[in-house]
Each structure stands twice: as structure tokens, then as C-alpha cells.
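Here the structure comes first, spelled out in C-alpha cells, and everything after it is commentary.
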Amino acid sequence: SDQGSIEKGGQYDWYPYNQMVPEFRDFTFEGKVGDMGVVETVYGFHIIEIEGQKNVQRAVKVGTIVRKIVASEQTEKKIFRDASSFEFAVSNGDFDQVAKDSNYVVRPVNQIKALDENIPGAGNQRQIVQWAFKDDTSVGDIKRFDVSTGYIIAQVTAKNEKGLMSTDEASVPVSAILRKEKKATMIKNRISAKTIDDLASAENTSARSATGLTMESPTISGAGKEPYIVGAAFALNEGETSGLLVGERGVYMIEVTKAEPAVQLDNYQSFANQIEQQRANTVSTKLYSALEKAADI
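Using our numbering, the first residue of the sequence shown is number 664, and each one after it goes up by one.
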């Protein structure tokens, strides 16, 4: 006898899809009302008659098939031929024009330093940086490099000698700084409010609250990293309001609504030891890496 239904004369009440063992479930859910059959499960044999079904809904079974895609030898050879052909073509022509004709994208990278390891868009490419800074590498030189994702055809377009920037080089970053300072000055000259509520009313906006500010992570929610503004907040007393302050992303007026001093400890040596160990590990790792990359094996 079926112990699960013996008290009700062999009948089961309504049950959901995943309540019964798979064999029992499949017969009752995949069959139709009136079907009768013998089903074997881990509990034995069951003579089942489907007397009713309700709330029938369409179900979808989803599976994930993972397949690693590996380039064939033919594909690898073609990529090598294409890279070699492009390297030869740019050695005898204009780099940008040849790339355009070949439907390749040129990705200029500026301000690479001699000790850099990463190249934007290409990841860790220390070999390219070392080549670019070799004494026998000149402006205009081109070289193909094997990387994990294929090949990089690199060209040295300029070298900046140690010293002051040229006017043209400095104009781009300096112009951005000057524009930001000019905008900040215009805003400060236009605003005469002395309180946050007056400022919000005059600018037709609302004051925003920032909680959990720390000197360790000087970030303001909705504004980003603002070390000067956060530092100014820590210089104010609770309830005190600042004047207009120029930050990285705008002009601010801040009021300290609540300040919670850090917990005082009897001894901070454990933190000092932790920082010392972190820096020692960093130095050891970078030193070993530098020696390994500089070695001629």
C-alpha cells in the first residue's frame, strides 16, 4: 500500500510540481485526466489514476551549455599573416591610412612613462614600454608584439625629453583647469547666500545629505571623489556652516549636522605593523618583478 495516501483511501490532495518523487510527478503532470498506469519509484510500484488537474501553466526548463571556443591552427596562421602584412605595410606607408584601408582601429596612447607596465586598452604590456624607451628606439619605429589575444603593432609617435612641457602639450590640461576655475569664480560671485537653505532656494534646488564621510575615503555620494570638500567638513565643528568651497566637481556649501569622533585606542602599533608589512610586501613583489623583466635570459 502507498503509506502517503492510505488514510484517505488511496487518494492524494492537490500537490505542487516538486512535491513528489520524479517518476510519480512526471506521470501525473505529463499525463491527462483519466490516464491510469503503473509507476515504479524508490518506494515501490504505484497504480496511479489521474482524477483531476488544475492551475495548469506552461513551464520552461532552461539549461546552460558552455563550450570553450579555441582558434584553429588555420585561424592562428591567418591572424599571423594579417599582422605581418600590416606591419610591413605601415613600415612603408602612413600608419593611420594603412590602418583605415585595412579596417583596423588605431588606439593612440599618450604620456607613457618608463616604469609603466599597463597600456590602456591592452593591459599589462611591459615589453612594449621597455621597447619604446630603449636608446636605439626612435620616433617612427614600428614593431610587432605577440600578446595573449593576438598581435599588437606598435609605433613610437613622439618622445618627450625630461623637463618642462611644451606650450602645445600643456595647453590641453591647463585649459581644463582654467575653465573650471573661471566657472567656480562666476558661481561664487553670483551667489550671496550664507546658509544652505538660502542657497538651495536661490538656486531652485534642494540640499542633499551625505553620511558616513571619512578621511580615508573622501567620496561624496552623487558627487564622487572630493578630498578638499571632505577635508573642509572635518575642519568644521558640529552645527557649523562653511562658505562656498570649490571642489573637483562643483562649488559646495557644507554644514556639519553630526560628527562622530573616532574611537580612541590605547595603542596603535598593530595598525603601524600592518601598514609596514603591506609596504614591505609591495616592495618585494615589485623588486622581483623588475629584476625578472630586466633579466636577459
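A virtual CB, placed ideally from N, CA and C, is assigned to each residue, including glycine.
Note that the coordinates shown come from a computational prediction; the quantities given were computed from them, not determined experimentally.
Checking the DSSP bridge columns, you'll see M699 partnered with E712. The beta carbon of A752 lies closer than 6 Å to those of V761 in the same chain, with the five residues before and after it left out. The beta carbon of K825 sits closer than 8 Å to none of the beta carbons in its chain outside the five residues before and after it.
Pairwise C-beta distances place the segment 773-781 out of contact with the segment 802-809, as fewer than three of them are shorter than 8 Å.
For N773, the closest of P783, S765, Y767 by C-alpha to C-alpha distance is P783. In this chain, the beta strand (DSSP E) harbouring I805 covers 805-810. Under the criterion of beta carbons closer than 8 Å, P881 and G902 do not qualify as touching, at roughly 21 Å. Its chain contains R688, F692, A722 as the residues whose beta carbon lies nearer than 8 Å to that of Y680, once the 5 sequence neighbours on both sides are disregarded; these appear in chain order.
Comparing alpha carbon positions, the residue from W794, A922, Q932, R842 closest to G875 is A922. When K695, W677, Y706, L899 are compared, the shortest CA-CA separation from P685 is found for Y706.
Counting other Cβ atoms within 10 Å of its Cβ, Q788 reaches 16 or more and is therefore classed as buried. When T738, K845, N755 are compared, the shortest CA-CA separation from G913 is found for K845. As a beta-bridge residue in DSSP terms, K888 pairs with T882. Taken through DSSP and simplified to helix, strand or coil, G906 comes out as coil.
The alpha-carbon of S952 is positioned some 10 Å away from that of A958. Per DSSP, A898 lies in no alpha helix (DSSP H) segment and is marked neither H nor E. Here Q818 is bridged, per DSSP, to I805. Counting along the chain, the unbroken alpha helix (DSSP H) around E686 starts and ends at 685-693. The DSSP assignment places 736-754, 758-764, 789-795 as complete runs of the alpha helix (DSSP H) inside the segment 726-800, in order along the chain (cut-off: 4 residues). At a Cβ-Cβ threshold of 8 Å, S864 and A873 do not count as neighbours. Remark: C-beta atoms of A746 and I816 approach each other more closely than 8 Å.
Counting of Cβ neighbours within 10 angstroms places I840 among the exposed residues, the total staying below 16. Taking 8 Å as the cut-off, the Cβ atoms of Q716 and V696 count as close. Within a 10 Å sphere around the beta-carbon of A734 sit fewer than 16 other beta-carbons, which makes this residue exposed. Of the residues R871, Q674, L954, the one whose Cα lies closest to the Cα of T920 is R871. Nearest C-alpha to A847 among M916, N944, W794: M916. Within the same chain, P881, T882, E911 come within 8 Å of K888 by CB-CB distance, once the 5 residues on both sides are set aside.
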